[in-house]
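Enquirer: Starting off with a structure, shown below.
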Amino acid sequence: MTPSLHLWLIPILPLIGAAINGFFGRRLSRQTVSAVALTFCGAAFLMGLYVAARFPSLELPHAEYLGHWIRSGNFMVNFEFYLDQLTLVMLLVVTGVGFLIHIYSVGYMWEEGGFYRFFSYLNLFMFFMLTLVLAGNYLQMFIGWEGVGLASYLLIGFWFTKDSAASAGKKAFIVNRIGDFGFLIALFLLIKHFGSLNFSQLFSSIAQQPAETAGVGLLTSIGLLLMVGAAGKSAQIPLYVWLPDAMEGPTPVSALIHAATMVTAGVYMVARSHVIFGHAPNALTVVAIIGTLTALFAATIGIAQTDIKKVLAYSTVSQLGYMFMACGVAAYSAGIFHLMTHAFFKGLLFLAAGSVIHAVGGEQDMRKMGGLRQYIPWTFMTMTAATFAIAGFPPFAGFFSKDEILARAYEANPAYWFIGVTTAFITSFYMFRLWFMTFFGDYRGREAAEHGHAPAHGHGHGGHGDPHESPMIMLVPLMILAVLSVIGGWVGIGGRFEHFLSPVFGEGATAVATEALSRSTEITLMVISVVAAVLGFYLAYVLYLKRPELPQKIADSLGGLYQAVVNKYYVDEIYGDLFVKPLVDGSTRILWHGVDQGVIDAAINDTADGARHVSDSARQMQSGNVRSYAGWVAVGAAVIIAYMIWMGVR
Amino acid sequence: MLHLVLFLVFGAICVAGAINLLVQSHPISSALSLVVVMASLAVEYLLLGAEFVAAVQVIVYAGAVMVLFVFVIMLLNAGVEERTKGSRVALILGIPGVLAGGLLVAWVLIERTGTATVGLGALPGFPKTIGNLLFHDFLLPFEVTSVLVLIAIMGAVVLASRPEPKNPEKES
Amino acid sequence: MVPVSYYLILSGILFSCGVIGFLIKRNIITIFISIELMLNGVNLSFVAFAAQWQHLSGQVFVFFVMVVAAAEATVGLAIIIAVFRTRETLNVDHVNLLKL
Amino acid sequence: MNPTLPVGADYVRILPEIVLSIFGMAIMVLDPLVDEKKSQQLLGGLGLIGTLAGLVSTWIMAQSPGFAFWNMVQVDGFSVFFHVLVIAIALVLILTSYEYMAVQQLRAGEYYGLILFGLVGMCLMSSAVELVLIFISLEISSISTYILAGFRRRSATSSESSLKYFLLGSFATAFFLYGVAMMFGATGSTNIDAISAALNSGKVPLLAYVAMALMFVGLGFKVAAAPFHIWTPDVYEGAPAPVVGFMSTAPKAAAFAVLLRIIFEANAPGRFWLIWLSAVLSMTLGNVAALVQDNVKRLLAYSSIAHAGYILVAFAAKPELGAPAVMFYTAAYAAMNVGAFAVVSHLANENERYVTLENYAGLGRSSPILAGTLTIFLISLIGIPITGGFFAKFYVFSAALQSNLVWLTIIGVINSAIGAYYYLKIIVVMYMREAREEVPVLPIPLALRAALALTLAATVYLGVVPGRMLTFVQQSAQQLLQAEHTSAREQVGNAAVPRATQ
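Residue numbers (my numbering), protein chains in the order written: chain A, -7 to 642; chain B, 104 to 275; chain C, 414 to 513; chain D, 2 to 503.
Rendered as structure tokens:
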């Protein structure tokens, strides 16, 4: 029996912070509010470090039982926390990056109204995220899962006076609901067939079952449903639509929730459920295909975006696709590795983008930036590190993790690898496009301002003259993350990271990797991916720095395709027309105007009485008549009697 | 035989009263038709031996309750009803629904209980036996009806009394 | 000897007439009278079944139904008066402020 | 004839009903004696004490389970559960009404009296095991709600609501009564245990099927299950807001209790598709129609239809899984819905002027407490974790899935996703829209605070630590389902319905 680490403290600490700021924040000064938020979030991080320090002495997996929660017959759910290598990685990433983003937010949000509210939500988010990560059973995980959705909804809609922000929050919430219900049904199926949601019990009983190789069996359906959940949370096809819109929230939120932590919950969940997926190869294939397609699809959309945060949003979707691709080929540790490095560099990219936006007074359109290198050197440098990292240049962090994934994908199926490399090339291209457009050339912001274009997103930052560097409190987190973006990948050299995680995912998953591919193949693949990255860099250099008139020409010659990309393949419109509109219309026409008078009466009026009754029927376009209601009751009764008699006679 | 004849005669009166209730357009006529129905029902009860019920039917139902109806009709000075066309659902779905449901139930009743017969005064329900049941086995429901009656009194007081005229509400 | 089903059919006819009355009558009071007709139909069923099963309890039920009907009548007529006060109409088709 | 008189235990087993009636009568008598200004506080306070006394006496009653009054009522965990539930709802209602009645300038005395008398009916519905008693108590609960619905007499909508509820309610009750008559005809008894014994021994007579259908019409109407839900929106829109909170939960809970007894204890034959279809219709019609509503009361009315649908899902499940899920859901729904209506009735202000969605704009600013509590209730209604609503849905759907009702579960889950939309609409309006017109928010009085705190605590309690509650509902459901066998045997020696011989 290993000693108790009081893991429950880790999620509870931010919750206390959230409660203090939420209830009393209004009366506290900004200094106190930020001190409270930072203290409790930092304490959680320290707890994480403490756990890491004690880690070697623990008997793994380490479970802590807190008390029983629900008992219904044989089915029991406890409050319990579960710690293994996978948890530890997630724990450190979430608390560490989360803490840095908290620090950054103090600077970023200083001028904003609702300061205390923001930090209260942020801490609340940390609480749910840590609950999710540390959960010892699926139900507890689900609580965290829904909770982060809720917190993200609150944070996206933070600037609630903006209509777009409000509707974006709503969209995120509803799309997530669809995913959540996939997850929920999967949970029901697990309860029904295995009678437990506890990870250890569940996995050990599943492990005894034979794998479902053909058709859609129970485990395959569970896997697919879990994937629906993951796709909703982690913005995969077809549920990715909410993430780009979610950029309406404050930038630190995008960094924390929509890059580093929450959106990776889907990947974590799939990795956590690797036993289920391991027994359902068909479901795993679906995961791989969805991941691969999303990676490519989102990357192509990223090319045409002009809003700096939107580029990063699509890039996030695409990178998450990589992680699912990794999970889909059973290279879970590679996926988690990429999750970690991605948290560093994508968190950094968002924070740096925030710093840029801050510098140019709230402008997010890259066409109105340019030449910022000289104004904001620190931001530039950190962003450079991140850009090289995501593009996959060695020795930056992204190189190692992406390379790992691509190698494993090649081994599973060269088609995945090919799409992966193509995506890497596109990624490199649009990231350097962003880099060049933002930091090189001449500053284009002034002309725009003179032409009377008020910054579209000016929430409190407006009224700046020249771009200016952000305060230190924002720069320090950037620097730390920049360092991590450079060196963070080194832990993976020589398969060390994989080896660390191997107790979780089993030896088989890792051992094969190193042996199956010969050294030469591996190096060839590595070289190809580096070449792809360099090509992307070069293309972006030519198009956006050397000959900036070219892109327009290309766009003109491509015509329709480019339009489609600019409009994100019209997915939003299609969804709107296909699902939302019919529902609302149906409700309006069919039920609102009453099945009663709307359909039946209108039909009768039209045919029998003709135009004379049009005005009359308009007046009578209303139900609310007691006799009609009684008519419905009578018909209902007749139908039920008929049914019951039929049941009886049968 | 006598039983059957009596049943048929009063049954016919009963149905005629019910149909008259539907056909009449003045509420008073409908109310009086209901009295006819109730009275002939009382006879049917007697045929089945339910003496007490028959008596109560005439005294309480036809007597007291219907008087209340007639009183309210007079109070509100209700006239001949207008033939407004407020609901077509009631006509187009409701009536066929009722007829279909009624026929189905009738079929069940004939088909499944058709063989049992009852004689004249089959189950004599004297006040004494009824009283024994009422104040013993059905004591609780009997007592509980007092709550029901209390509610009815309160309801009548609340709803029918003239509302205090402060702040007359202007609602459309 | 009369088949029980005769009584039951008569009761069914009365009940159905009551339902139809609810559907076709416009005057609120008449609608309410139709409901009373339905209850009367049910009462006949109770008495008939009581005779069939030789259970006196069926007749006791009739007694309870009458009490309930009386209470309902009191409240119902009070509600009708209240509606008449605010709306000046007894036509149920005109009582349709609340709809959709 | 057996000349025995009821013994002490008989009275203990209906103690809550007795206590509530006494308090009701006390209010009735005191009403004309106190002057109008004080009557609000005095009689309301008396009502409050009455409900508290009712809770205490329920506890006393719970100590002596068993039958009373010659198998008329049965005290078991099941009936105790519903006693506590409806009395607690009434307690919150009284706390809410305190302020509401004063703002609306309504007379108080009868109001509190009617609530207590109505409670007597609802309590009896949950413990009665005899169809005649069920019928009478159903009428008590219904008639008192008809009157309460029309309590704002100066308002045309309120009296219209009352009239519609009354006419359709009596209409549906007549169907129920006809069903009772048929059941009596089919089995020769109206005692649920005896019926259960008759139905489960040999071939079920066809008449019993018809009887079930007719009884379902009546009870379906009371719980607002499709296709008998159609009265709900109109009635809820017109009735006084706190009363809507009450009648969408307490009489409904009692009606569900009756449905549970009839359907599960008597093991109603051939019910499956009937309930299946009704559940699907209720969920879908309720949710879809709610999407376009902009009157909050009406919106919540449609939502209550949808929730009735979710509860019916549990009725389609296996009895041992479905019954506890139904009980849990009614409790969770009561907590959140009564709470939501408490907020609505506070905001409604004089003459219920502010009940449209637009009036809620900017509430997040003008009254963070009200907006915050309402948000939590709405979140619970959506079914998001750490609220009672989530676990309620969770149990219902998991019960359904464990009974192999895959499609029903999927339809339910989709529906609750649709439902999220319109609840969210309220939250969005509260926090993310600027108020277009000035909506005065009255200070929140102490009683209302207490009401909100109670419902909030219940909602969160059921969401965070539902364990104890769940254990309790499971045990009582167990008792309910076992009663079928044990008491049917007792029946043999202790004839519930004496047979007159000829």
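We put the CB at the ideal spot given by N, CA and C, even for glycine.
Does any C-beta atom of chain A lie closer than 8 angstroms to the C-beta of L196(B)?
Expert: Interface residue, yes.
Enquirer: Check whether the Cβ of E147(B) lies closer than 8 angstroms to any Cβ atom in chain C.
Expert: Closer than 8 angstroms: yes.
Enquirer: Going along chain D in order, which residues have a C-beta closer than 9 angstroms to the C-beta of M451(C)?
Expert: What M451(C) touches in chain D: S171, F172, A175, F176, L178, Y179.
Enquirer: Is it the case that the Cβ atoms of S145(D) and F118(D) are separated by a distance below 8 angstroms?
Expert: Yes, Cβ-Cβ distance for S145(D) and F118(D) is below 8 angstroms.
Enquirer: Given this structure, state the Cα-to-Cα distance separating T277(A) from I135(A), to the nearest angstrom.
Expert: Their backbone Cα atoms lie some 28 angstroms apart in a straight line.
Enquirer: Going straight from the alpha carbon of G40(A) to that of F392(D), what length do you get?
Expert: Each residue's Cα considered, the two are about 31 angstroms apart.
Enquirer: In this structure, does DSSP put T357(D) in helix, strand or coil?
Expert: T357(D): strand per DSSP, three-state reduction.
Enquirer: Please name the residue in I412(D), A418(D), V356(D) whose C-alpha comes closest to that of I385(D).
Expert: I385(D) has its Cα closest to that of A418(D), out of I412(D), A418(D), V356(D).
Enquirer: Suppose the cutoff is 6 angstroms on Cβ atoms and the five residues either side in sequence are ignored; what does the same chain contact list for F392(A) look like?
Expert: Once the five neighbours on either side are set aside, the close Cβ partners of F392(A) are G481, G484.
Enquirer: For G136(A), verify whether its CB is less than 7 angstroms away from any heavy atom of the ligand FMN.
Expert: The ligand FMN is not part of this structure, which contains no ligands at all.
Enquirer: For V211(B), go through chain D and note every residue whose CB falls closer than 7 angstroms to its CB, in chain order.
Expert: Near V211(B) (Cβ distances below 7 angstroms), the residues of chain D are L207, L208, V211.
Enquirer: Can you pull the chain B residues whose beta carbon is under 7 angstroms from the beta carbon of V51(D), in chain order?
Expert: Checking the sequence, you will find Gly at residue 51(D) rather than Val. Neighbours of G51(D) on chain B: none; closest Cβ ~14 angstroms, over 7 angstroms.
Enquirer: Which residues in the same chain as V627(A) place their Cβ atom closer than 7 angstroms to its Cβ, once the five residues preceding and following it in sequence are excluded?
Expert: None.
Enquirer: Taking the continuous beta strand (DSSP E) assigned at E514(A), which residues delimit it?
Expert: Careful: E514(A) lies outside any beta strand (DSSP E), inside the alpha helix (DSSP H) at 511 to 533.
Enquirer: Excluding the 5 residues flanking V522(A) on each side, which residues of the same chain have their C-beta closer than 8 angstroms to its C-beta?
Expert: Around V522(A): G384, F385, P386, F391.
Enquirer: Under 8 angstroms Cβ-Cβ, which residues of chain B neighbour I493(C)?
Expert: Result: V175, L179.
Enquirer: Quick check: what's the CA-CA separation for T419(A) versus A532(A)?
Expert: One C-alpha to the other measures close to 11 angstroms.
Enquirer: Could you tell me if S21(A) is buried or exposed, where buried requires 16 or more neighbouring beta carbons within 10 angstroms of its beta carbon?
Expert: With fewer than 16 other Cβ atoms within 10 Å, it is exposed.
Enquirer: Any idea which residues DSSP pairs I62(A) with across the strands?
Expert: For I62(A), which the question treats as bridged, DSSP gives the partners V69(A).
Enquirer: Who are E131(D)'s beta bridge partners in DSSP?
Expert: Answer is N192(D), bridged to E131(D).
Enquirer: May I ask you to report which of helix, strand or coil DSSP gives N453(C)?
Expert: Residue state, collapsed to three classes: helix.
Enquirer: Please give me, in chain order, every unbroken run of the alpha helix (DSSP H) with length at least 4 that falls completely inside the stretch 180 to 204 of chain A.
Expert: Those alpha helix (DSSP H) runs which fall completely within the stretch 180 to 204 of chain A and span 4+ residues are 191 to 199.
Enquirer: Tell me which residues share the same chain as G450(A) and place their Cβ nearer than 6 angstroms to its Cβ, disregarding the 5 neighbours each side in the sequence.
Expert: With a pLDDT of 40 at G450(A), under the threshold of 50, the predicted position of this residue should be treated as unreliable, though the coordinate-derived value follows. If we look at G450(A) and ignore the five residues flanking it on each side, its Cβ neighbours are G354.
Enquirer: Interface residues of chain D around L107(B) at Cβ under 9 angstroms?
Expert: Simply none; closest approach about 20 angstroms.
Enquirer: Bridge partners of L237(B), per DSSP?
Expert: Its beta-bridge partners do not exist; DSSP assigns none.
Enquirer: Within the 8 angstroms Cβ cut-off, does L124(B) reach chain A?
Expert: Chain A, which has no Cβ nearer than 8 angstroms to the Cβ of L124(B), makes this no.
Enquirer: So the alpha helix (DSSP H) A401(D) belongs to, where does it begin and stop?
Expert: First-last of the alpha helix (DSSP H) with A401(D): 389 to 403.
Enquirer: What does L436(C) touch in chain A if you count any residue whose Cβ is under 7 angstroms from its own?
Expert: Near L436(C) (Cβ distances below 7 angstroms), the residues of chain A are R619, A622, G623, A626.
Enquirer: Can you find a CB in chain C that lies within less than 8 angstroms of the CB of A153(B)?
Expert: Chain C, which has a Cβ nearer than 8 angstroms to the Cβ of A153(B), makes this yes.
Enquirer: Thinking just about the alpha-carbon of each residue, which of I493(C), V488(C), G489(C) is nearest to the one in N180(B)?
Expert: Cα-wise, what sits closest to N180(B) is I493(C).
Enquirer: Classify N405(D) as buried or exposed, calling it buried when 16 or more other Cβ atoms lie within 10 Å of its own Cβ.
Expert: Exposed.
Enquirer: What residue from E438(D), Y101(D), A258(D), L6(D) has the CA that sits closest to L447(D)'s CA?
Expert: Checking every option, the nearest Cα to that of L447(D) belongs to Y101(D).
Enquirer: Along the alpha helix (DSSP H) that carries A174(B), what are the first and last residues, could you check?
Expert: Sequence check: residue 174(B) is Phe here, not Ala. From DSSP, the alpha helix (DSSP H) with F174(B) extends over 169 to 179.
Enquirer: Below 8 angstroms on C-beta distance, what does F510(C) contact in chain D?
Expert: Reading the sequence as shown, one finds Leu at residue 510(C) and not Phe. Within 8 angstroms Cβ-Cβ: A157, T158, E161, G239.
Enquirer: With a 10 Å radius around its C-beta and 16 neighbouring C-beta atoms as the bar for buried, classify I23(D) as buried or exposed.
Expert: Exposed, by the Cβ-count rule.
Enquirer: Hey, does V432(C) have any beta-carbon neighbour from chain A nearer than 8 angstroms?
Expert: At least one chain A Cβ lies under 8 angstroms of V432(C).
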